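The sequence shown begins at 1161 in our numbering and counts up by one. Even glycine gets a Cβ: it sits at the ideal position worked out from N, Cα and C. Predicted model only: the values in this text are computed from it and were never measured.
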Amino acid sequence: MGMFIANAFTGLKEAGTLLKGFSQLKTDAEVAQKTIELNQIIAAVQNDLFEAQTAYSAAVGRINELEKELMAIKDWSTEQQRYQLYELAPGSFVYRLKAEMAHSEPIHDICPQCYEQSIKSILQFNGYEGAFHKYSCSCCQTMILGEHLRSDVEVISTGGTRFRRWTEGY
Ligand SMILES: [Zn+2]
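Printed below as a string of structure tokens:
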């Protein structure tokens, strides 16, 4: 864009110089010749300005896009700060809503994979894996092993593996 505008200014300068020389022209043929040159310069200037206008419109469009992207990033980084890494079970990590950031929302966990992709996806309870709670992400289908059941009674009531082993044993 800058190049086109610089060219346009150069063209206008040339046109000005050419016009100053017009009074010294002696013949109609000379005037006709200089008029052709002047028209060529004006056409080139118009073309440069048209190109500059096109480049300007494209630049404005791109700036708008970037502003939207920046807004989305800002929104996400604000949202991101409401969560912190939390070890749900040994070696099993999620991002958990910080208690001080929960504005009337229940404490919940979000998917660590989706978090890395700047996506907030709440993990949902998805049954049991042995004596562990299991959570799934509806966005990326990740399964996350959750907390261990608290007691044998809880294991039995949920049909965990220990209960099966116990019944098989008798
Ligand atoms: Zn996910």
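When DSSP reads this structure, residue 1283 sits in no beta bridge, so it has no partner. About 4 Å separates the beta carbons of residue 1281 and residue 1271, which is inside the 8 Å limit, making them a contact pair. The segment 1230-1310 contains, as complete beta strand (DSSP E) runs of 3+ residues, the segments 1243-1249, 1252-1257, 1284-1289, 1292-1296, 1303-1308 (chain order). Residue 1187 carries a coil assignment under DSSP once its states are collapsed to helix, strand and coil. Within 10 angstroms of the beta-carbon of residue 1176 lie fewer than 16 other beta-carbons, which makes it exposed.
Boundaries for residue 1181: no alpha helix (DSSP H) harbours it, and the DSSP string shows neither H nor E there. Cβ-Cβ separation between residue 1308 and residue 1285: approximately 15 Å, too far for a contact (criterion under 8 Å). The C-beta distance from residue 1171 to residue 1208 rounds to 7 Å, short enough to meet the 8 Å contact threshold. If you draw a straight line from the Cα of residue 1305 to the Cα of residue 1231, it comes to about 34 Å. Around residue 1201, the same chain offers 1171, 1174, 1175 as residues with beta carbons nearer than 6 Å, after the five sequence neighbours per side are excluded. A direct Cα-to-Cα measurement between residue 1263 and residue 1223 gives close to 34 Å.
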